[in-house]
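Read through the structure below, which is laid out as structure tokens, and then see the notes.
Protein chains in written order, with the numbering used here: chain B, 1382 to 1775; chain F, -12 to 44.
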């Protein structure tokens, strides 16, 4: 029987992060992906900042970049625009299909074995100890031996649930997303645009336009219950239908999905098992971006996997150092950003308009980091109704 | 149980991630609801970005 040090389930950024780093450390790695094509279908707006790529740790490669982005524009409900120029911090709109394959290639080149269209049917246990994985490809089923499974199987998180880790997302911790990749539309080709409007445009979320070309962009929305009264698709269709610049465009791809924007897990391990990426809700809760988060989660899991192999100890207790390290490196900051999200989503359209008048671009960019807190809190303090929200940030 | 409109469902499997009972499974034929596990709480119906799910019964 084939034998591996780790089996990684799912070949998105989280899986490839784990597989790449584990293979680099000399572990024998198998990464399986149930879909026939890695990176498709995407459930993603495809934005990646230069800082995000830096955290992933690879150099830029033109194969996956559809468009270089110079900045962002946040647009208030009344149309007021706050422009953010990313000095030295630009980013890209990706082609996920290319990007995810590129990451999987990095893992393969580092020595991991990668198998697309291969499903992990079941994690096998012997006397309660993880002993392998049952795999399926076409109509063939077989078993491989491994003491450690890393689940990077996306937001539905099937494997983690099977392993007894409750990864169910509360309705309040998940954004409902819908997106069209549109062509022949009028857009700002150099900046991403984020449209806010909690009253009726995108309750509890925002609309994004991420340019992939001069006249092509991902036009998407994330909304959240209990704020949203309609489906994400209906809100997005209304947004597009009300805009001359978009409504005559063509739709070349349709995506939808669940984006975890909270519900960070205290425990992401069990005996012989670690969960990473969307499956572990490792997403930035203010904008819903998860590519670098997943890759970093995978990298930390790989480090712990190597140490576990050396110690010959795959107990939940040993693996729990993954929880500690992830919380130290990412969890603490993401938890704080979660509070920011809870504040922003409670602002009415009038309050968002007011905020847009008083915020400068260079302040706004701090919002995906914790520095934005003090800036926002100071502003909110000026409005009596918002003082309780401001206190949440301090 | 929930009824899935095959026409509206775009197979994102978001409903699977919010179901507290683990009653929904994503298969090659689309979303399948396990009648024994479903408590008709309606969370998946509220979540679905495409409005493809309806409570039935």
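Beta carbons are placed, not taken as given, at the ideal position from N, Cα and C, and that holds for glycine.
The shortest C-alpha to C-alpha distance from residue 1636 of chain B to any of F/22, F/37, F/16 and F/25 is the one to F/37. For residue 1592 of chain B, the uninterrupted beta strand (DSSP E) run begins and ends at 1587 to 1592, by DSSP. Chain B places a beta carbon closer than 8 Å to that of residue -1 of chain F, counting this residue as a contact. Between residue 1643 of chain B and residue 1547 of chain B, the CB-CB gap reaches or exceeds 8 Å.
Short of 7 Å from the beta carbon of residue 10 of chain F, and not among the five residues preceding or following it, lie these beta carbons of its own chain, in chain order: 20, 21, 24 and 25. Residue 1499 of chain B places its beta carbon 8 Å or farther from that of residue 1513 of chain B.
Inclusion of residue 1420 of chain B and residue 1599 of chain B in the CB contact set at 8 Å is not warranted, their separation being larger than that value. In this structure, DSSP gives residue 1713 of chain B a helical state, which the three-state scheme calls helix. Per DSSP, the unbroken beta strand (DSSP E) holding residue 11 of chain F starts and ends at 11 to 14.
Residue 1525 of chain B is a Cβ neighbour of residue 1382 of chain B, given a cutoff of 8 Å. The C-alpha of residue 1488 of chain B lies about 8 Å from the C-alpha of residue 1398 of chain B. When Cβ pairs closer than 8 Å are counted between the two stretches, the region 1558 to 1570 of chain B is seen to touch the region 1614 to 1632 of chain B, the count reaching three or more.
Residue range 1672 to 1692 is occupied by the alpha helix (DSSP H) that includes residue 1673 of chain B. Closest in C-alpha terms to residue 1591 of chain B, from the list B/1578, B/1689 and B/1562, comes B/1562. Listed in chain order, the positions of the region 7 to 19 of chain F with a beta carbon within less than 7 Å of a beta carbon of chain B are 7, 9 and 13. Contacts with chain F (Cβ-Cβ distance below 8 Å) from the region 1509 to 1524 of chain B involve no residue at all. The beta carbons of residue 1641 of chain B and residue 1550 of chain B sit about 6 Å from each other, so the pair counts as a contact at 8 Å. For the pair residue 1676 of chain B and residue 1395 of chain B, the CB atoms are nearer than the 8 Å cut-off. Taking a Cβ-Cβ threshold of 9 Å, the residues of chain F close to residue 1558 of chain B are -1, 1 and 36, in chain order. Across the set B/1405, B/1614 and B/1683, the C-alpha of B/1683 shows the shortest separation from the C-alpha of residue 1656 of chain B.
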